[in-house]
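Novice: If you read the sequence shown in numbering that gives the first Met the number 0, its first letter stands for residue 0, the second for the next number, and so on.
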Amino acid sequence: MAQNKNDTLLILGAGGQIGTELRVALSHQFGADRVISTDIHPLPESAGRSVVLNALDGAAISELVRKEKVTQIYHLVATLSATAEKAPLPSWDLNMKTFFNVVEAAKQHRVQKIFWPSSIAVFGPTTPRDHTPQQTILEPTTVYGISKVAGELWSQYAAKAWNLDIRSLRYPGLISHTAPPGGGTTDYAVDIFHQAKKTGTYTSFLSADTRLPMMFMEDAIRATLLLMNAPAEDIKHRTSYNISSIDFTPAELATAIQKHLPHFSISYAPDFRQAIADSWPNSIDDSAARADWGWEPRFSLKSMVQEMIDHV
Ligand code: AKB
């Protein structure tokens, strides 16, 4: 794997759903002493080297990057789709300002690589819904989606204008048992496991037949490391890469859970998140990621459900 013993990695938003698992994976690859985890809330001791940091504070990010001679930044701070719809302007501000703070710090201190997650939320109702292509119509109808499109285009601009090596993935809904998701439309696919085991019933805020692209966190972390370890010349898309693994509806997920918990029952009470889900694709074409840097998912619906049932 491409790595340098002088690498120092900085994670922003390390206490979130992705950060909790990514910081472990990066510590394995680079060594725990090379990874600095930051979050707005104090992190547990198990997080290793950590700093409380508000990613809206550009000067603080810049100073940390300078002081620690950071070579890679993983910027995971964001307000997700459902939460952002409740407070559009503060969410736009948070998503964009933190992103620009990272780009500016990287420019100023010549950070070698930056990772920043995009999302299937960049797509909208005018995008082809099945096997959504890498390059297609991007007209999202959520503030979260608009912020991700803006960030993707800024990344592409920064790569060209300032030679910044920013890499990105359009994550689908991420399913994990280590840390809870934080206010997204795909969160039902995690909540359902907790409720299935706790109460044996779940009321889905999406309708029975709402199909969405999803991914088990282990696959998402592996995709992130593969992307970040690829030689720069293999990164052909400087916006963000489509990645795909599984897609299912709440009804299909409930059936898969019933194979383990036969008495589990589901009911449906769609809320405002239904409109968000209806604007997103059913499935994603990830052939560019496969061709450019060797992406391949490992988890199926069946193996993901098994992992979740075993660990939740
Ligand atoms: C959300 O639902 O907002 C996120 C996402 C798909 O980016 N999980």
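The C-beta atom is built at its ideal place from N, Cα and C for all residues, glycine as well.
No experiment lies behind these values; they were computed from the predicted model shown.
Is it buried or exposed, LEU88, if we count other Cβ atoms within 10 angstroms and call 16 or more buried?
Specialist: Walking along the sequence shown from the start, residue 88 turns up at place 89. So LEU88 ends up on the exposed side.
Novice: If you follow the alpha helix (DSSP H) that GLY57 is part of, which residue opens it and which one closes it?
Specialist: Start at 1 with the first residue of the sequence shown, and residue 57 comes out as number 58. Taken as a continuous stretch (DSSP letters only), the alpha helix (DSSP H) holding GLY57 covers 57-67.
Novice: Does DSSP classify LEU8 as helix, strand or coil?
Specialist: Stepping through the sequence shown from its first residue, residue 8 is reached at position 9. DSSP places LEU8 in the strand class (E or B) of the three-state scheme.
Novice: ILE39 and TRP115 - do their beta-carbons sit closer together than 8 Å?
Specialist: On the sequence shown, residue 115 is found 116 positions in, with the first residue counted as 1. On the sequence shown, residue 39 is found 40 positions in, with the first residue counted as 1. No, they are not a contact pair.
Novice: Which runs of the beta strand (DSSP E), 3 residues or longer, sit entirely within the stretch 155-242?
Specialist: 168-170, 172-174, 200-203, 211-215
Novice: Assuming the contact rule is C-beta atoms closer than 8 Å, PRO269 and LEU205 should be a hit. Round their C-beta distance to whole Å, please.
Specialist: For the purposes of this step, residue 269 is taken as the residue at position 270 of the sequence shown. For the purposes of this step, residue 205 is taken as the residue at position 206 of the sequence shown. About 6 Å; that satisfies the 8 Å criterion.
Novice: Relative to the C-alpha of LEU21, which candidate in THR126, LYS301, ALA255, SER175 has its C-alpha closest?
Specialist: The residue you call residue 21 lines up with position 22 of the sequence shown. Cα-wise, what sits closest to LEU21 is SER175.
Novice: Taking 7 Å as the cut-off, is the C-beta of ILE256 nearer than that to any heavy atom in the ligand AKB?
Specialist: For the purposes of this step, residue 256 is taken as the residue at position 257 of the sequence shown. No - the ligand AKB has no heavy atom lying nearer than 7 Å to the Cβ of ILE256.
Novice: Would you say THR7 and GLU67 are within 8 Å of each other, going by their C-beta atoms?
Specialist: The residue you call residue 7 lines up with position 8 of the sequence shown. The residue you call residue 67 lines up with position 68 of the sequence shown. Yes, Cβ-Cβ distance for THR7 and GLU67 is below 8 Å.
Novice: Would you kindly work out how many angstroms separate the C-alpha atoms of SER80 and ALA31, rounded to a whole number?
Specialist: Along the sequence shown, one-based indexing puts residue 80 at 81. Along the sequence shown, one-based indexing puts residue 31 at 32. Their backbone Cα atoms lie some 32 Å apart in a straight line.
Novice: Following a CB-centred definition, is TYR170 positioned closer than 7 Å to any heavy atom of the ligand AKB?
Specialist: Counted from its first residue, the sequence shown places residue 170 at position 171. TYR170 Cβ: within cutoff of the ligand AKB.
Novice: Following a CB-centred definition, is LEU79 positioned closer than 7 Å to any heavy atom of the ligand AKB?
Specialist: As a first step, residue 79 is located in the sequence shown; it is residue number 80 there, counting from the start. Yes, Cβ of LEU79 sits closer than 7 Å to a heavy atom of the ligand AKB.
Novice: Find out if the Cβ-Cβ distance for the pair SER26, ILE10 is shorter than 8 Å.
Specialist: Taking the first residue of the sequence shown as 1, we reach residue 26 at position 27. Taking the first residue of the sequence shown as 1, we reach residue 10 at position 11. Contact flag unset, no.
Novice: Any heavy atom of the ligand AKB within a distance shorter than 7 Å of the CB on TYR187?
Specialist: Reading the sequence shown from its first residue, position 188 is the one you call residue 187. Not so, every heavy atom of the ligand AKB lies at least 7 Å from the Cβ.
Novice: In three-state DSSP terms, what is PHE98?
Specialist: In the sequence shown, the residue the question calls residue 98 occupies position 99. PHE98: helix per DSSP, three-state reduction.
Novice: Kindly examine the ligand AKB and report whether one of its heavy atoms sits closer than 7 Å to the Cβ of TYR143.
Specialist: Residue numbering aside, residue 143 sits at position 144 when the sequence shown is read from its first letter. At least one heavy atom of the ligand AKB falls within 7 Å of the beta-carbon of TYR143.
Novice: With DSSP as the reference, label LEU258 as helix, strand or coil.
Specialist: For this step, residue 258 is matched to residue 259 along the sequence shown. The question names Leu, but residue 258 in the sequence shown is Lys. Looking at LYS258 - three-state DSSP - the assignment turns out to be coil, as it is neither helix nor strand.
Novice: Quick test of your reading: LEU42 and ALA13, contact by CB under 8 Å. State the CB separation rounded to the nearest angstrom.
Specialist: Mapped onto the sequence shown, residue 42 falls at position 43. Mapped onto the sequence shown, residue 13 falls at position 14. With 8 Å as the limit, LEU42 and ALA13 qualify as a contact, their Cβ atoms being about 6 Å apart.
Novice: Taking the alpha-carbon of ASP233 as reference, which of HIS193, ARG289, ASN281 has the nearest alpha-carbon?
Specialist: In the sequence shown, the residue the question calls residue 233 occupies position 234. Closest option to ASP233, Cα to Cα, is ARG289.
Novice: Please classify MET303 as buried or exposed, where buried requires at least 16 other C-beta atoms within 10 Å of its C-beta.
Specialist: Taking the first residue of the sequence shown as position 1, residue 303 is located at position 304. Answer is buried; the Cβ neighbour count reaches 16.
Novice: Less than 8 Å between the CB atoms is what I'm expecting for LEU225 and GLY293, so what's the real figure, rounded?
Specialist: As a first step, residue 225 must be located in the sequence shown, where it is residue number 226. As a first step, residue 293 must be located in the sequence shown, where it is residue number 294. With a Cβ gap of about 6 Å, LEU225 and GLY293 count as contacting.
Novice: Taking Cβ to Cβ, would you say PRO296 is nearer than 8 Å to ASP218?
Specialist: Here residue 296 refers to the residue found at position 297 of the sequence shown. Here residue 218 refers to the residue found at position 219 of the sequence shown. Result yes, Cβ atoms of PRO296 and ASP218 sit closer than 8 Å.
Novice: What three-state label does DSSP hand THR131 in the structure shown?
Specialist: Position 132 of the sequence shown holds residue 131. Strand at THR131.
Novice: For the candidate residues THR185, ILE265, LYS197, whose alpha-carbon lies nearest to that of GLN280?
Specialist: Position 281 of the sequence shown, counting from 1, holds the residue named residue 280. Per the sequence shown, the amino acid found at residue 280 is Pro instead of Gln. Comparing Cα positions, the closest option is THR185.
Novice: Are three or more beta carbon pairs between the stretch 136-155 and the stretch 45-53 nearer than 8 Å?
Specialist: no
Novice: Establish whether the CB of HIS259 and some CB of chain D are separated by less than 8 Å.
Specialist: Of the chains in the structure shown, none is chain D; there is only one protein chain.
Novice: Using DSSP with H/G/I as helix, E/B as strand and the rest coil, what is SER264?
Specialist: As a first step, residue 264 must be located in the sequence shown, where it is residue number 265. Three-state DSSP puts SER264 in a strand.
Novice: Whose CA, out of GLN28, GLU306, GLN71, lies closest to the CA of HIS193?
Specialist: By one-based count along the sequence shown, residue 193 stands at place 194. Of GLN28, GLU306, GLN71, the residue nearest in Cα terms is GLU306.
Novice: Could you tell me which of ASP284, ILE275, MET216 sits nearest to SER243, measuring between CA atoms?
Specialist: Here residue 243 corresponds to residue number 244 of the sequence shown, with the count starting at 1. Checking every option, the nearest Cα to that of SER243 belongs to ASP284.
Novice: Nearest-angstrom Cα distance between MET0 and GLN28?
Specialist: Residue numbering aside, residue 0 sits at position 1 when the sequence shown is read from its first letter. Residue numbering aside, residue 28 sits at position 29 when the sequence shown is read from its first letter. Caution is warranted here: a pLDDT of 49 is assigned to MET0, below 50, making its placement in the model unreliable, and no coordinate value can be reported.
Novice: Please report the straight-line C-alpha distance between GLU215 and LEU52, rounded to a whole angstrom.
Specialist: In the sequence shown, counting from the first residue as 1, residue 215 sits at position 216. In the sequence shown, counting from the first residue as 1, residue 52 sits at position 53. Residue identity differs from the one stated: residue 215 is Phe in this sequence, not Glu. About 28 Å.
Novice: Between TYR240, THR141, LYS106, which lies nearest to LYS159 when the distance is taken from Cα to Cα?
Specialist: Along the sequence shown, one-based indexing puts residue 159 at 160. Out of TYR240, THR141, LYS106, LYS106 has the C-alpha closest to the C-alpha of LYS159.
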